[in-house]
Structure formats: C-alpha cells, structure tokens
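Accompanying notes for the structure given below.
There are 2 protein chains.
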Amino acid sequence: MFTERLLRDKRGASLEVNERARIEGAISEVKTFGPRKIVARAGEPLTNSTLLLEGIMSRYLDDRTGLRQLVAIHFPGDFLDLHAFPLKVLDHDVATLTTATVATVPHAEIEAIGDEMPQLIRKLWFATLLDAAIHRAWLFRLGRLDATGRVAHFLCETNARLFSAGLSDGRRFALALTQADLAEICGLTTVHVNRVMRQLREEQLCLFRSSLVEILDPAGLAARAQFNPAYLYIDDDSQLPSVQRPK
Amino acid sequence: MFTERLLRDKRGASLEVNERARIEGAISEVKTFGPRKIVARAGEPLTNSTLLLEGIMSRYLDDRTGLRQLVAIHFPGDFLDLHAFPLKVLDHDVATLTTATVATVPHAEIEAIGDEMPQLIRKLWFATLLDAAIHRAWLFRLGRLDATGRVAHFLCETNARLFSAGLSDGRRFALALTQADLAEICGLTTVHVNRVMRQLREEQLCLFRSSLVEILDPAGLAARAQFNPAYLYIDDDSQLPSVQRPK
DNA sequence: CGAAATGTTGAGGCTGGTCAAAGCTCGTGG
DNA sequence: CCACGAGCTTTGACCAGCCTCAACATTTCG
Numbered sequence: 001m002f003t004e005r006l007l008r009d010k011r012g013a014s015l016e017v018n019e020r021a022r023i024e025g026a027i028s029e030v031k032t033f034g035p036r037k038i039v040a041r042a043g044e045p046l047t048n049s050t051l052l053l054e055g056i057m058s059r060y061l062d063d064r065t066g067l068r069q070l071v072a073i074h075f076p077g078d079f080l081d082l083h084a085f086p087l088k089v090l091d092h093d094v095a096t097l098t099t100a101t102v103a104t105v106p107h108a109e110i111e112a113i114g115d116e117m118p119q120l121i122r123k124l125w126f127a128t129l130l131d132a133a134i135h136r137a138w139l140f141r142l143g144r145l146d147a148t149g150r151v152a153h154f155l156c157e158t159n160a161r162l163f164s165a166g167l168s169d170g171r172r173f174a175l176a177l178t179q180a181d182l183a184e185i186c187g188l189t190t191v192h193v194n195r196v197m198r199q200l201r202e203e204q205l206c207l208f209r210s211s212l213v214e215i216l217d218p219a220g221l222a223a224r225a226q227f228n229p230a231y232l233y234i235d236d237d238s239q240l241p242s243v244q245r246p247k
Numbered sequence: 248m249f250t251e252r253l254l255r256d257k258r259g260a261s262l263e264v265n266e267r268a269r270i271e272g273a274i275s276e277v278k279t280f281g282p283r284k285i286v287a288r289a290g291e292p293l294t295n296s297t298l299l300l301e302g303i304m305s306r307y308l309d310d311r312t313g314l315r316q317l318v319a320i321h322f323p324g325d326f327l328d329l330h331a332f333p334l335k336v337l338d339h340d341v342a343t344l345t346t347a348t349v350a351t352v353p354h355a356e357i358e359a360i361g362d363e364m365p366q367l368i369r370k371l372w373f374a375t376l377l378d379a380a381i382h383r384a385w386l387f388r389l390g391r392l393d394a395t396g397r398v399a400h401f402l403c404e405t406n407a408r409l410f411s412a413g414l415s416d417g418r419r420f421a422l423a424l425t426q427a428d429l430a431e432i433c434g435l436t437t438v439h440v441n442r443v444m445r446q447l448r449e450e451q452l453c454l455f456r457s458s459l460v461e462i463l464d465p466a467g468l469a470a471r472a473q474f475n476p477a478y479l480y481i482d483d484d485s486q487l488p489s490v491q492r493p494k
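Just so you know, the protein sequences line up as chains P and C, in that order.
This note's numbering applies: residue 1 is where the first sequence begins, and numbers increase by one.
This note's numbering applies: residue 248 is where the second sequence begins, and numbers increase by one.
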C-alpha cells in the first residue's frame, strides 16, 4: 500500500507491480511527525529519502527576517528528497505542515535499485524532474501573476495533483492549510491572501473554509490563473472532469 | 573541448576524462543559432538534448498577454534540456538570447551511456537536480526579495556560475543581456530594472553597462541580495574570492 | 469554558507598474 | 565617413496593488 500513489498516472512513468514491490522492500522505517515539525535542515548530509504516506509537507527557504518562501509542497504519494540521493546535501529545509506519516528509504537501497533495475531508477529520475517542472510553474506564478491569479493557480494545481493521487473528486478536496501557508506559497502576506479568498468567493470561483476547498467554476478559476496542467505530466486517460485544456 | 566546462568544479560530480570523452563521442552535430531564436517549443517531443558551447540561452513560460517569465538561463558548459531525456516533452520554450553554439546529443546515445556507465548517468541526473536547486533559489528571489534584491541576487548568482565556468574573474564578467532580459528574469518591468540598476550604481555596489558587469562590493551586493551560494554546489576549493559565506 | 490560533476588516503608505517622451549606441547603407 | 534608424536606456508624472499596522471576530482544541 505504501507506493499506491507514487507516480500514479504519470505519463510514461507509472510503476509496475514488481517495481512497487522493490521500493516497498527498501523501506527501513515508517514514522509519524507532528504538525509543523522540521524534518531536515539545509546543509545536513542526508542518507535517506522519504516517501510521504499521509499528511502535507513543505520545502522552504527563509530570508534574514525569518519570512519563509515555500518552494514545494508535498502530498501523499510524493517521494520527498529523492534529489538528496545524488545531491547528498539539501539546499533547503523540509518540514511537516500537518501531522505526517512517512516511510524512510535508505540511499544505500536506492543505490542497489540502480544496479538491479535501471528502468526504475529512470522513473525515480523522472519523479525529480516532475518536481522541477512544478518549480517552473511556481516561478511563472510568482513572476507573472497578480495576487488573485497566484492563489487561483495554486488551487488549480493542487486540485489536479490531488485528483491524480485519488484525493480530489475534481472539484472538492480536503486541504489542511492556513491562509498563512498560502501566503508563504504565493509570496504574499496573510492579510492579502484573505482578501484574495474573499474575492474568489465573491466571484463564485472557489470556496475555502474549514480545510475544505470547493471549486465552483473550474474553467473560470483556471482562466483567472492562466493554468495549463501540461507541466504535471498526468496521463491523458485520467483527465480532470470539466477542466478544458487551454490553448 | 566540448565538455571542458560541463559540471566543472561541481561538488562530487565533476567529470572524469573518460566520461568527458564518452559524452563528446555522443555528439551528433554542432550548430549555431542567431540571437533571440526559439530552439524548442513546449509540447514538442524531443529526441535530443543539447550542450551549450557558446552564448546565452533561456527557458521561459509566457502568459496570455505575451509577457515572458524566464525560468532558467544557461551559460557555456550547461547541459540544456537534459530533463527532456526522461520527460520526453518539454513544459516550456527554449530560446537563444545571444548568438549561441550548441552540440546536439541524441537521446539514444544517453540511453547507451546509461547501460555502459551508470556512474555517468548519475552525474547527469545530478546536473538536472542542480537546475532544480537553481529554480528554488529563483523562487526565493521572486517570492521574498524586493526589486533591488532580485536583480542583485541574479547578478551574484551569475557571477558565481560564470566564475565556476572560468568566465568571470570573481568581480567582472561579460554579460550580453539587456535590461528587458533582466526584467523577464526578475519578474519586473524594464523601466523598473533601469531604476534598480541606477540604485546599485549609486550605492557603489555594482555597474552594468555595454554588456559588462562589474561588482564593486561583492560582500555588499551579496548582503543586499541575501545571497548564499550553497545551492550551486560548487566545490569548496574553487571558492570565489572576496565573497564571504553568509550565516 | 477559556486560550490560542486563525480569519476578517479598515486606514494609510510605499513599491513598483503604466504611459509617454527623449537620449544613446551601434550597425548599415548611402 | 556621415546620416539614419532600430533597439536599448533613461527619466518623469501618475497611479494601483499589495503591505503594514491595528483591532476585532471566529474557530479550534485542550
């Protein structure tokens, strides 16, 4: 069950049964962290990567004044810190946002997988490149969208990712983030995120309250966000309902 | 000579002589593009990756109104589109900024390298992860720095990258970009980049005119940018002169 | 039930955007 | 060898979007 969501529905990189078994066999430990706990710090040598089984985790950089910029957010099924295997040391911190359960995979095991199953290593490489593609979409979001567009873009992306992991029905999904978290993701202040949420509500695009996101108008929200899900490399067969592909 | 700068001085991932020879043997073609030419478009299937030998190239996403956000910039020695090997299709456009000479490496050759030299494939993976680390630094730049900080951060990064490629002496380097290019990198307007450059000049931090960058006060510029070069994974031995490591 | 965290709203200010015009630089052709 | 023009840089006036600070409401949870 541990790898059920890993690379699920990813174009050309979904896992075979034996590949999933190999990864599950590589797990050395399963543990649970409380909410808002730092799991790894920039600069520390890492000897494990972690598979997120439950909860939400984040990667972030912080500035001199302690303000954070999230550079990635992870949901169940994501293979976290896979990049720490070749890089050895992280350039950012990793923390939980909610309570989170993770499976630990020692780098020595990944090393062994590399010898045994080169095709699988290729898929793990793919997974890290997917993270990079998401980074690029986030750069677009921060560099070219206004506040409302940024939040809308994040919500569209999250909906698509959770849908592909089986955690959204395409319009509604649980999301245990605060407005302060959204602010750290979108490069805004908490106060302004609040105003943006009100605007999205008033425009009948999207609701977000008590940790539940409800997209009222998927096409409208995507348009406001200039959202094009191609960068998520999700298999065409598992297409989101009622989200047209722009362009 | 083609691979002279590839992964040079990268911590734990510099290339051995035979590895460089193997990559050079994989080159199918060398060609030159004029300035501001689109080399690959988002969505196209790619069967080659390219090694940048000379000139400057960019990867970007554009919004509905045609405004671009650069998501990466590449200098000689960079292996471009290496991520296209596992991803098969790009999520962004690739274009030259200046006249650029590139060597083409067919994906079939990379495939073969994977069988022959697994250690080398690991290093190529590392190279793609380095790009991702740079993406993260760019996210910090866009999300948490003001206009002056963003430009300063980009100039610090570029100095460090070019220094590691042997193309900067640590304070002065050629950079054939326009202020409009800086704007597309930093998520600003051309007009405002111009004001920022004046400010950096007046504060005696940095000069940039006729395609030449001159950093007058490396420590001051790095402080203004909150720049910490750790994410570039440059070997400690080849440290930039007169840039202290913050923190 | 009470405390702490989160969400909401308002007033006012500053950063960076917009629009517009003028100065520079450099390559090209007359 | 100079005149021209295209692209780039510079500057000013004005304005909007987002931030700051502050207070208060609401939700969550022990």
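Even for Gly, the Cβ is constructed at its ideal location relative to N, Cα and C.
Return helix, strand or coil for residue i, following the three-state DSSP convention.
| i | result |
| --- | --- |
| I357/C | helix |
| P45/P | strand |
| K217/C | The structure shown does not extend to residue 217/C, since chain C is modelled only from 248 to 494, so the question has no answer here. |
| I27/P | coil |
| A399/C | helix |
| L254/C | coil |
| L262/C | coil |
| F2/P | coil |
| R144/P | helix |
| R418/C | coil |
| A412/C | coil |
| R20/P | helix |
| P493/C | Confidence in P493/C is poor, its pLDDT being 45 and thus under 50, which makes the residue's placement unreliable; the coordinate value appears in the next sentence. If DSSP states are grouped into helix, strand and coil, P493/C belongs with coil. |
| A380/C | helix |
| D115/P | helix |
Per DSSP, what are the beta-bridge partners of residue i in this structure?
| i | result |
| --- | --- |
| R315/C | D309/C |
| M57/P | H74/P and T96/P |
| L327/C | T297/C |
| F280/C | A347/C |
| Q336/C | It is worth fixing the name first, because residue 336/C is Val in this sequence and not Gln. Beta-bridge pairing links V336/C to P292/C. |
| A40/P | V94/P |
Find the nearest neighbour of residue i within the set the options, judged by alpha-carbon distance.
| i | options | result |
| --- | --- | --- |
| L424/C | A380/C, I303/C, K335/C and D338/C | I303/C |
| H439/C | F474/C, R448/C, Q426/C and T294/C | Q426/C |
| N48/P | A21/P, R68/P, L90/P and R8/P | L90/P |
| L463/C | D416/C, V341/C and D325/C | D416/C |
| T405/C | T436/C, R283/C, A394/C and A472/C | A472/C |
| A469/C | S485/C, I432/C, F401/C and A380/C | F401/C |
| A384/C | W372/C, A399/C and L371/C | A399/C |
| E44/P | A108/P, V196/P and D93/P | D93/P |
| Y233/P | S210/P, D146/P, R64/P and T128/P | T128/P |
| I113/P | E202/P, L207/P, N228/P and G25/P | G25/P |
| G34/P | R144/P, L52/P, T98/P and V17/P | T98/P |
| M270/P | F208/P, L145/P, L61/P and G220/P | The question about residue 270/P has no answer, for chain P in this structure spans 1 to 247. |
| I320/C | Y307/C, A466/C and R419/C | Y307/C |
| F373/C | G396/C, D310/C, E276/C and K257/C | K257/C |
| Q486/C | L452/C, T437/C, G413/C and A421/C | G413/C |
| A347/C | S305/C, I368/C and D328/C | S305/C |
| G77/P | L200/P, R36/P and A103/P | A103/P |
Can you list the beta strand (DSSP E) stretches of 3 or more residues lying completely in the segment 423-491 of chain C, in chain order? Listed in chain order, the complete beta strand (DSSP E) runs (minimum 3 residues) inside the segment 423-491 of chain C are 453-456 and 459-462.
Given a limit of 7 Å on CB to CB distance, which residues of the segment 433-446 of chain C reach chain P? Hits within the stretch, in order: G434.
Interfacial residues, the segment 83-109 of chain P to chain C, with Cβ spacing under 7 Å: Legend: CB atoms of the segment 83-109 of chain P lying less than 7 Å from CB atoms of chain C belong to residues H83, P86, L87, K88, D91 and H92.
Members of the segment 217-239 of chain P that neighbour chain C once the beta carbon cut-off is set at 8 Å: The residues in question are Q226, A230, Y231 and Y233.
Listed in chain order, which residues of the segment 126-142 of chain P have Cβ atoms closer than 7 Å to some Cβ of chain C? Of all residues in the segment 126-142 of chain P, those with a C-beta nearer than 7 Å to a C-beta of chain C are F126, T128, L129, D131, A132, A133, H135, R136, W138, L139, F140 and L142, reading in chain order.
Residues in the segment 58-86 of chain P with C-beta within 7 Å of chain C's C-beta atoms, listed in sequence order? The segment 58-86 of chain P vs chain C, Cβ under 7 Å: L61, D63, R64, L67, Q69, V71, H83 and P86.
Contact set between the segment 39-54 of chain P and chain C, restricted to residues whose Cβ is under 9 Å from the partner: Under the 9 Å Cβ criterion, the segment 39-54 of chain P contributes A42 and G43.
Can you give me, in chain order, the residues of the segment 262-286 of chain C that have a beta carbon less than 7 Å from any beta carbon in chain P? In summary, no residue of the segment 262-286 of chain C has a CB separated from any CB of chain P by less than 7 Å.
Which residues of the segment 159-178 of chain P have a Cβ closer than 9 Å to any Cβ of chain C? Give them in chain order. Per Cβ criterion, the list is empty.
Going along the segment 360-374 of chain C in order, which residues come within less than 7 Å of chain P, judged by CB to CB distance? Residues passing the 7 Å Cβ filter: G361, P365, R369, W372 and F373.
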